[in-house]
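Chains as they are written, first to last, in this note's numbering: chain A, 18 to 465; chain B, 42 to 148.
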């Protein structure tokens, strides 16, 4: 096996609805070794489990088809291996779908390595005493409402999948940074006892996992933080050396920005204690990190430490928790706020008279208080959009929120308009437990 | 003249469950000490009192000329059950940037 000293990893998606074309720009213009597609949010797997219950072939990330149709020809031609968590609640189904797409594209029979074992629903059901991290109640308190339970697996099992040499590796739930750390451990033979390398590899993953966020996306601010040509923003990639050296860049000839400031914001993003960022692979300490502008749109990151991993996996438990109903209607001009307030009181009174009860109820005056509250301190704008939302275990009560709000078109104060269609959605909530790693059986299956 | 956090730092909010973490990253290293003195966890809790139950924990990252504020009970019970339009609390970074600090004690 040839010894290599540097690996180039790009990211082609940072959430399930991420933009598509920047990924094609990246694989076309940059010689990557790996492309990671990260598509799972906290409750995505619970939602996909419901899709799978309706159709056993579904349950993976729906955009898999579109993404692979666009990216596979170039990735196969340039020998760029794809690592993705688009398997969601059905990694084997995703693998079959990926192989079908390859066949349809005329690429022949493309092997796909599948990571299994994150689905620990039965394990959680058989351990009702497990403590929920959020409220310290036993998981038993959710038992009859549990939809799914998935452990955040780590880089070790992804490495095992990479050893099959399959051009595509598909996982369900794994920790996002592990998707990036695994190719580095695989290529360089890094082991988990080297704290510098585990830290640097995990930092690479954390900097890239939100795709454009490290490259000027979600950063710009007129007159304060300039981002050139944001409309043509690009996905980033990392150059990682065998010694753990790490440089972040982005597709050349595109918009966006890779700077110390963009990297700082992303490095701290969704971290709590910066000395102890827990992943399945290590406990990362970023307090000693230095970020250095190494060139235009190129930042060096050094100094992360990956302390030894904990002996448990974090598990996200998805469960159903009733319904949320919403409605909106607008008021403009003279007395707009007074009329919106009056409408809100009328809707609430009508809901009360129908004996509907809500676990939580909220009135927003969009344009004034829907984001940061403090209605009484805000200046009244020309127009106000009223929004009412209620969460309840009763589906009819949820429907009534939007129904009664829309009725403000004729049963409310004068001059309201633009009422929305009543909206009702099932609530899929999540809580977390920890499960000892030794209880979880991981497995790699090669589909070829 | 009060100084707004906005004048000297950028900020980004993230979510985990019912907890918001909001970073504050100075543009210039020389301003970090000013924020270390004035932008305390108590000051931030005061500004978020109408939104969050707290507590607020401040973590210092001098190497990155930054702070990380972890604000518990900030997201309407949690992203998945919240009734808020911005259930993730992504816009809460703007509340942080709007905090005014007394600059008369600057060194």
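Note that CB positions come from ideal geometry on N, CA and C, so glycine has one too.
Tell me the rounded alpha-carbon separation between residue i and residue j.
| i | j | result |
| --- | --- | --- |
| residue 70/B | residue 387/A | 35 Å |
| residue 263/A | residue 302/A | 16 Å |
| residue 159/A | residue 369/A | 29 Å |
| residue 294/A | residue 223/A | 10 Å |
| residue 148/B | residue 418/A | For residue 148/B, the pLDDT reaches just 46, beneath the cut-off of 50, and the residue's location in the model is therefore unreliable, leaving the point undetermined. |
| residue 54/B | residue 299/A | 24 Å |
| residue 425/A | residue 118/B | 29 Å |
| residue 469/A | residue 430/A | Outside the displayed range of chain A (18 to 465) lies residue 469/A, so it cannot be described from this structure. |
| residue 132/A | residue 236/A | 34 Å |
| residue 112/B | residue 179/A | 39 Å |
| residue 241/A | residue 308/A | 21 Å |
| residue 239/A | residue 372/A | 49 Å |
| residue 25/A | residue 383/A | 45 Å |
| residue 181/A | residue 128/A | 9 Å |
| residue 137/A | residue 103/A | 18 Å |
| residue 60/B | residue 136/B | 15 Å |
| residue 331/A | residue 448/A | 10 Å |
| residue 18/A | residue 202/A | Confidence at residue 18/A is low in this model, with a pLDDT of 45, below 50, so its placement is unreliable and the value that follows should be read with caution. Straight-line Cα distance between these residues: approximately 15 Å. |
| residue 231/A | residue 107/A | 30 Å |
Are the Cβ atoms of residue i and residue j separated by less than 9 Å?
| i | j | result |
| --- | --- | --- |
| residue 254/A | residue 100/A | no |
| residue 110/A | residue 135/A | no |
| residue 110/B | residue 100/B | yes |
| residue 250/A | residue 216/A | no |
| residue 316/A | residue 31/A | no |
| residue 105/B | residue 147/A | no |
| residue 464/A | residue 113/A | yes |
| residue 190/A | residue 351/A | no |
| residue 214/A | residue 192/A | no |
| residue 335/A | residue 446/A | yes |
| residue 321/A | residue 209/A | no |
Who are the neighbours of residue i on chain A, taking C-beta pairs under 9 Å?
| i | result |
| --- | --- |
| residue 84/B | Going along chain A, no residue has its Cβ under 9 Å from residue 84/B, so there is no contact; the nearest lies around 17 Å. |
| residue 91/B | 389, 390 and 391 |
Could you confirm whether any beta carbon from chain A is found closer than 9 Å to the beta carbon of residue i?
| i | result |
| --- | --- |
| residue 51/B | yes |
| residue 135/B | yes |
| residue 56/B | yes |
| residue 76/B | no |
| residue 127/B | yes |
| residue 97/B | no |
| residue 132/B | yes |
| residue 121/B | yes |
Using 8 Å as the cut-off, classify the Cβ of residue i as near or not near the heavy atoms of the ligand MG, replying yes or no.
| i | result |
| --- | --- |
| residue 90/B | In the structure shown, the ligand MG is absent, as is every other ligand, since no ligand is present at all. |
Determine, using beta carbons only, whether residue i comes closer than 9 Å to chain B.
| i | result |
| --- | --- |
| residue 164/A | no |
| residue 207/A | no |
| residue 285/A | yes |
| residue 359/A | no |
| residue 243/A | no |
| residue 169/A | no |
| residue 2/A | The first residue shown for chain A is 18 and the last is 465, placing residue 2/A beyond what the model contains. |
| residue 320/A | yes |
| residue 354/A | no |
Taking Cβ-Cβ distances shorter than 7 Å, what residues in chain B pair up with residue i?
| i | result |
| --- | --- |
| residue 304/A | 102 and 104 |
| residue 341/A | 124 |
| residue 192/A | Within chain B, no residue comes near residue 192/A; the closest Cβ sits about 13 Å away, beyond 7 Å. |
Check the Cβ of residue i against every Cβ in chain A and list those closer than 7 Å, keeping chain order.
| i | result |
| --- | --- |
| residue 114/B | Here the premise fails: no neighbours, minimum Cβ distance about 11 Å. |
Taking residue i as the query, report the chain B residues whose CB atoms sit under 9 Å from its CB, ordered along the chain.
| i | result |
| --- | --- |
| residue 289/A | 57, 60, 62, 98, 100, 109 and 111 |
Run through chain A and tell me which residues come within less than 8 Å of residue i, C-beta to C-beta.
| i | result |
| --- | --- |
| residue 35/B | Only positions 42 to 148 of chain B appear in the structure, and residue 35/B is not among them; the question remains open. |
Can you pull the chain B neighbours of residue i, defined as C-beta to C-beta under 8 Å?
| i | result |
| --- | --- |
| residue 445/A | 121 |
What residue ranges within the region 50-106 of chain A form continuous beta strand (DSSP E) runs of no fewer than 3 residues, ordered along the chain?
Here the runs fully enclosed are 51-54 and 98-101.
Could I get the ranges of all uninterrupted alpha helix (DSSP H) runs contained in the region 397-433 of chain A, with 4 residues as the minimum, in chain order?
Qualifying alpha helix (DSSP H) stretches, in chain order: 412-423 and 425-428.
With a floor of 3 residues, list each beta strand (DSSP E) that falls wholly inside the region 296-372 of chain A, ordered by position along the chain.
If you keep only unbroken beta strand (DSSP E) runs of at least 3 residues inside the region 296-372 of chain A, you get 300-302, 307-312, 315-319, 322-324 and 329-349.
Threshold first: 4 residues or longer. Then list the alpha helix (DSSP H) segments lying entirely within the region 147-233 of chain A, N to C.
The region 147-233 of chain A contains these whole alpha helix (DSSP H) runs: 172-179, 193-205 and 212-225.
So if I threshold CB-CB distances at 8 Å, which residues from the region 358-385 of chain A count as touching chain D?
Among the protein chains of the structure shown, namely A and B, there is no chain D.
Pick out the complete beta strand (DSSP E) segments inside the region 48-125 of chain B, 3 residues or longer, and give them in chain order.
List check, beta strand (DSSP E) in window: 50-57, 60-67, 97-102 and 107-112.
If we require 4 or more residues per run, which alpha helix (DSSP H) segments fall completely within the region 265-298 of chain A?
Counting only runs of 4 or more residues that sit fully inside the region 265-298 of chain A, the alpha helix (DSSP H) segments are 277-285, in chain order.
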